[in-house]
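Let me begin by presenting the structure, written as structure tokens, before commenting on it.
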Amino acid sequence: MKHKTQQRKALMECLHEARGPLSPAEILWFSREKVPSLGIATVYRNLKLLVEEGFVAELQVPGQGSYYEPADMDHHHHFQCRNCKQLFCIPGCPPGITSLAPEGFKLDGHEIFLYGRCSECTQ
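Right, here's the structure in full:
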């Protein structure tokens, strides 16, 4: 990290402590515990820099915009609760996923989103 400011440190701690990817608004809410004066513009500005520097990964959630998580995580996929909209990380990868690409195509990567209801919302 080029400039390890108090704000960036708070954002990174927030992302590492989270159960899954977070929206900028969620990052702001959690990070304000450490930096009460933090504003949403500062969150966006620092997230952009942290993504550019390779410390944070940006995840595009269909119909909902960007969510963020630490870039140093092992390969994984995501589950989104349709009720509370929270995102969860699913470790690992289904075997044979690369064989789903059409014949003659070169696969560069993949991302799987599962949808349903989380354990809290099914109670």
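Numbering (the working numbering) for the sequence shown: 188 to 310.
C-beta atoms are modelled at their ideal positions from N, C-alpha and C, and glycine is treated no differently.
Take the Cβ of residue 281 as the centre, count every other Cβ of all protein chains shown within 10 Å, and call the residue buried at 16 or more, exposed below. On the sequence shown, position 94 is the one that residue 281 refers to. Exposed: under 16 other Cβ atoms inside 10 Å.
Measure the beta-carbon distance from residue 244 to residue 231 and round it to whole angstroms, keeping in mind my assumption that it falls under 8 Å. The sequence position of residue 244 within the sequence shown is 57, counting from 1. The sequence position of residue 231 within the sequence shown is 44, counting from 1. Not really, about 16 Å apart at Cβ, beyond 8 Å.
Mind checking if residue 250 is an interface residue toward chain D, Cβ cutoff 8 Å exclusive? Reference to chain D is not applicable here, since this structure consists of a single protein chain.
Would you mind working out which of 274, 273, 237 and 278 sits nearest residue 263, comparing C-alpha positions? Position 76 of the sequence shown, counted from the start, is the residue given in the question as residue 263. That would be 278, whose Cα lies nearest to the Cα of residue 263.
C-alpha distance - residue 227 paired with residue 275, whole-angstrom precision: As a first step, residue 227 is located in the sequence shown; it is residue number 40 there, counting from the start. As a first step, residue 275 is located in the sequence shown; it is residue number 88 there, counting from the start. Cα to Cα, residue 227 sits roughly 23 Å from residue 275.
Starting from the C-beta of residue 300, find all residues in its chain whose C-beta is less than 6 Å away, skip the five residues before and the five after it, and write them out in chain order. The residue labelled residue 300 in the question sits at position 113 within the sequence shown. Correct list, in chain order: 265.
Going by C-alpha to C-alpha distance, which of 222, 295 and 213 sits closest to residue 195? Here residue 195 refers to the residue found at position 8 when the sequence shown is read from its first residue. Nearest C-alpha to residue 195: 222.
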